[in-house]
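Taking it in order: structure first as structure tokens, then the write-up.
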Amino acid sequence: MGNVTLPTPVFLAGGAFCLVAGYLAGAVGPDNERGQTAKVVSFDAGTAKLCLEGDAVKDEPGVEKGVLCGSWSHSAGSRTPHKGDTFRFVTMDTSGVKGSKPRVTTVIYGTVVEH
84 MGNVTLPTPV FLAGGAFCLV AGYLAGAVGP DNERGQTAKV VSFDAGTAKL
134 CLEGDAVKDE PGVEKGVLCG SWSHSAGSRT PHKGDTFRFV TMDTSGVKGS
184 KPRVTTVIYG TVVEH
């Protein structure tokens, strides 16, 4: 038998598909006890930095003074968040150590909740 390997783009596309499928299952599935909606505090379109506040973010890694900030990842055509919008989300903590300095990075996947 020969070895079968996947080309890197196929492997990365498969990983991205899994992340999107997980987000969709959480977004359209039954609500959990914590709820995964929060209020938008701010959004910087230039850096894609999104900050959220509310009960759903208070126990997330990286929260400072009740506000969770991270890099917003979204599907094409998603509505741009504005201060005060209700935002349905999931997060991924991608903390790591780069060299000798700890680095904390949070990626926020989600969309503005339409009323």
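Residue numbering for the sequence shown follows the working numbering, beginning at 84 and increasing consecutively. No residue lacks a Cβ here, since even glycine has one placed at the ideal position from N, Cα and C.
Can you give the beta carbon distance from residue i to residue j, rounded, assuming they're within the 8 Å contact cut?
| i | j | result |
| --- | --- | --- |
| residue 124 | residue 143 | At roughly 14 Å, the Cβ-Cβ gap does not stay under 8 Å, so residue 124 and residue 143 are not in contact. |
| residue 129 | residue 190 | At roughly 17 Å, the Cβ-Cβ gap does not stay under 8 Å, so residue 129 and residue 190 are not in contact. |
| residue 161 | residue 188 | Contact doesn't hold; Cβ gap of about 20 Å is too wide. |
| residue 170 | residue 196 | 7 Å |
Can you tell me whether residue i is buried or exposed, with buried defined as 16 or more other CB within 10 angstroms of its CB?
| i | result |
| --- | --- |
| residue 164 | buried |
| residue 105 | exposed |
| residue 100 | exposed |
| residue 96 | exposed |
| residue 91 | exposed |
Using a Cβ-Cβ cutoff of less than 6 Å, which residues in the same chain neighbour residue i once the five nearest sequence positions on both sides are dropped?
| i | result |
| --- | --- |
| residue 115 | Caution is warranted here: a pLDDT of 48 is assigned to residue 115, below 50, making its placement in the model unreliable, and no coordinate value can be reported. |
| residue 126 | 133, 164 |
| residue 192 | 106, 156, 173 |
| residue 88 | none |
Got a sec? Which residues, its chain only, sit under 8 Å from residue i by beta carbon, not counting five neighbours each side?
| i | result |
| --- | --- |
| residue 151 | 121, 134, 135, 136, 140, 143, 145, 174, 189, 191 |
*Of all the beta strand (DSSP E) runs that stay within the bounds of the region 142-179, which reach a length of 3 or more residues?*
Whole beta strand (DSSP E) segments, 3+ residues: 150-156, 169-176.
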